[in-house]
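Q: Next up is a structure, given as structure tokens.
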Amino acid sequence: MELISVIVPVYNVESYVAECIESIQNQTYMNLEIILVDDGSKDMSGDICDQYAAYDERIKVIHQENGGLSAARNTGIEAANGDYIAFVDSDDYIGLTLYEDMLKLLKEHNLDIIEFTAFRDKSGDIIEGCNDGQLEIYEKEDALRLAMHDCFVAVWSKLYKRSAIGDVRFPVGRKFEDTATSYLYVANANRVGHINRCYYYYRLNPNSITQTSFDAKSRWDFVLGYEERLQYAIDHQLPYVDDCNSLLMKAVLSCLTAYYAKPTGNQVYYDKCKKMIETYRNDESYKLLNSKYKLFLWSFGRADWIHKIGARLSYLAKQVRS
Numbered sequence: 005m006e007l008i009s010v011i012v013p014v015y016n017v018e019s020y021v022a023e024c025i026e027s028i029q030n031q032t033y034m035n036l037e038i039i040l041v042d043d044g045s046k047d048m049s050g051d052i053c054d055q056y057a058a059y060d061e062r063i064k065v066i067h068q069e070n071g072g073l074s075a076a077r078n079t080g081i082e083a084a085n086g087d088y089i090a091f092v093d094s095d096d097y098i099g100l101t102l103y104e105d106m107l108k109l110l111k112e113h114n115l116d117i118i119e120f121t122a123f124r125d126k127s128g129d130i131i132e133g134c135n136d137g138q139l140e141i142y143e144k145e146d147a148l149r150l151a152m153h154d155c156f157v158a159v160w161s162k163l164y165k166r167s168a169i170g171d172v173r174f175p176v177g178r179k180f181e182d183t184a185t186s187y188l189y190v191a192n193a194n195r196v197g198h199i200n201r202c203y204y205y206y207r208l209n210p211n212s213i214t215q216t217s218f219d220a221k222s223r224w225d226f227v228l229g230y231e232e233r234l235q236y237a238i239d240h241q242l243p244y245v246d247d248c249n250s251l252l253m254k255a256v257l258s259c260l261t262a263y264y265a266k267p268t269g270n271q272v273y274y275d276k277c278k279k280m281i282e283t284y285r286n287d288e289s290y291k292l293l294n295s296k297y298k299l300f301l302w303s304f305g306r307a308d309w310i311h312k313i314g315a316r317l318s319y320l321a322k323q324v325r326s
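So, in structure tokens, the structure goes:
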């Protein structure tokens, strides 16, 4: 019976981690290795993990100094003994038949990765995602093309064969780590499946990285991931280098938007973006941008005030929504 290693990075989630752990413990597929990586929590999260490990031998708790989400996931990967690997964020929880159903699909269709969809949990109000049960299967070339175009990004929405993980690790010290990593997992796969069935309950947390990262420093991590992806496309002579270049330009412009939005922004990120644009901007990737990004890219160095106004409006709108 194949072993599934479930890696759960834990940091200051004492209000949620018990529900997360129990949703994994209670899976109908029981041959699990549950790896809880306490990443230097300052609340009771680590103690809660230890309490669950005391009566469930499938649970392994690793306590480490705070190194961030990437470091915690990497620790989990190194400790994993499973034939398959899954990731669950510690403020989320999963449906009871997730791993039984996904393992069955992996075997039936000879897949290396299977992706599923998620419910959005906003303060107990469950928002259903696409849930019609439709299964799509992609061979290596099509799967990689989609991954390089921002599909198959979130690692928590997958079950991976261990061989798909390989020696790929998350970039320590950076945010938006899935963007920098997940396409490499797909590159290691021969067949990838996607099923429109909601199994994962993604908690919409106003304090999460995606909700609080409207700053140039965080957005620069986003840029680095896309630059690495572009370089991968170049190195492997993939036929969509211009598309990857266009995605990089959008990420750079997003970083500039965050810089312009806050008058106290660090000049170093403007300089970094300037160098990135000068290095990679070309006519073909420019054509692939939508009208807004074309305007912002055209205005860079010519009429920066256009982007500055757009950035301030975007920032104010985000503040109103939150």
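Using the numbering used here, read the sequence shown as starting at 5 and increasing by one per residue.
By construction, the Cβ of each residue, glycine as well, lies at the ideal position given by its N, Cα and C atoms.
It should be emphasised that the depicted structure is a prediction, and the values quoted were computed from it without experimental measurement.
Go ahead and label Y15 buried or exposed: buried means 16 or more other beta carbons lie within 10 angstroms of its beta carbon, across all protein chains shown.
A: Classification of Y15: buried, given that the 10 Å Cβ count is 16 or more.
Q: At what residues does the beta strand (DSSP E) containing V65 begin and finish?
A: Where V65 is concerned, the enclosing beta strand (DSSP E) stretches over I63 to Q68.
Q: Do the CB positions of F304 and Y204 come within less than 9 Å of each other?
A: Taking 9 Å as the Cβ cut-off, F304 and Y204 do not qualify as a contacting pair.
Q: Just the C-alpha distance for I213 and Y142, rounded to the nearest angstrom, thanks.
A: Because I213 sits at a pLDDT of 43, beneath the cut-off of 50, its placement in the model cannot be relied upon, and the point is left open.
Q: By the three-class DSSP mapping on this structure, what secondary structure does A315 have?
A: It is helical.
Q: Compare the C-alpha of A76 against each of G177, D43 and A158 and name the closest.
A: Answer by Cα proximity: D43.
Q: Quick one, which of G229, I313 and S250 has its alpha-carbon nearest C263's?
A: The sequence given here places Tyr at residue 263; Cys does not occur at that position. Taking only the C-alpha atoms, the option nearest Y263 is I313.
Q: Short of 7 Å in beta carbon distance, which residues of its chain neighbour Y189, apart from the five on each side in sequence? Order them along the chain.
A: These residues qualify, in order along the chain: I117, Y164, A168, I169 and V172.
Q: Which same chain residues, not among the five before or five after E37, have their C-beta less than 8 Å away from its C-beta?
A: Once the five neighbours on either side are set aside, the close Cβ partners of E37 are L7, I8, S9, V10, R62, K64, A84, N85 and G86.
Q: To test your reading of the DSSP string, which unbroken alpha helix (DSSP H) runs of 4 or more residues are found completely within the stretch 230-274?
A: Here the runs fully enclosed are 245-265.
Q: Out of A321, M253 and L242, state which residue places its alpha-carbon closest to the alpha-carbon of L228.
A: Per the Cα distances, M253.
Q: Around the C-beta of P243, are 16 or more other C-beta atoms found within 10 angstroms, so that it is buried, or is it exposed?
A: When all chains shown are included, P243 counts as exposed.
Q: If you draw a straight line from the alpha carbon of F180 to that of V256, how long is it in whole angstroms?
A: Between F180 and V256, the C-alpha separation is close to 14 Å.
Q: Spell out the partners DSSP gives A297 in its beta bridges.
A: Here residue 297 is Tyr; the residue named in the question, Ala, does not match the sequence. Bridge partners of Y297: none, in fact.
Q: In whole angstroms, what separates the C-alpha of L251 from that of S318?
A: Cα-Cα distance, rounded: 20 Å.
Q: List the endpoints of the continuous alpha helix (DSSP H) containing A76.
A: L73 to A83 is the extent of the alpha helix (DSSP H) around A76.
Q: In or out: E104 buried (at least 16 other Cβ within 10 Å) or exposed?
A: Exposed, by the Cβ-count rule.
Q: Per DSSP, which residues does V41 bridge with? Please list them.
A: Answer is P13 and I66, bridged to V41.
Q: If we count the other Cβ atoms within 10 Å of its Cβ and call it buried at 16 or more, is G50 buried or exposed?
A: Its Cβ being crowded by 16 or more others within 10 Å, G50 is buried.
Q: Taking the Cβ atom as the reference point for each residue, do F174 and A158 lie within a distance shorter than 9 Å?
A: No, Cβ-Cβ distance for F174 and A158 is not below 9 Å.
Q: Grouping DSSP H, G and I as helix and E and B as strand, with all else coil, what is F174?
A: F174 falls in the coil class under three-state DSSP.
Q: Under 8 Å by Cβ, that's how I've got G137 and I98 pegged, so tell me the actual separation to the nearest angstrom.
A: Not confirmed; about 17 Å, so no contact.
Q: With DSSP run on the structure shown, which of helix, strand or coil describes G50?
A: G50 falls in the helix class under three-state DSSP.
Q: Mapping DSSP to helix, strand and coil, what is V196?
A: Strand, per DSSP.
Q: Starting from E143 and walking both ways along the beta strand (DSSP E), at which residues does that stretch end?
A: Where E143 is concerned, the enclosing beta strand (DSSP E) stretches over L139 to E143.
Q: Going by C-alpha to C-alpha distance, which of E231, K278, D182 and L100 sits closest to E26?
A: If we check each option's Cα against that of E26, L100 comes out closest.
Q: How many angstroms separate the CA atom of D93 from the CA atom of N270?
A: About 31 Å.
Q: For the putative contact between D247 and L292, defined by C-beta atoms under 8 Å, what is the C-beta separation to the nearest angstrom?
A: Confirmed, about 6 Å.
Q: Alpha carbon to alpha carbon, what distance is there between A220 and D96?
A: Whole-angstrom Cα-Cα distance: 27 Å.
Q: Would you list the residues sitting across from F91 in a DSSP beta bridge?
A: Beta-bridge pairing links F91 to I11.
Q: Judging by CA-CA distance, which residue of Y284, N30 and E288 is the nearest neighbour of Q235?
A: Nearest C-alpha to Q235: Y284.
Q: So, is E82 buried or exposed, given that buried needs 16 or more other C-beta atoms within 10 angstroms?
A: Classification for E82: exposed.
Q: With C-beta atoms as the reference, is W233 less than 9 Å away from Y290?
A: The sequence shown places Arg at residue 233, not Trp. Contact: no.
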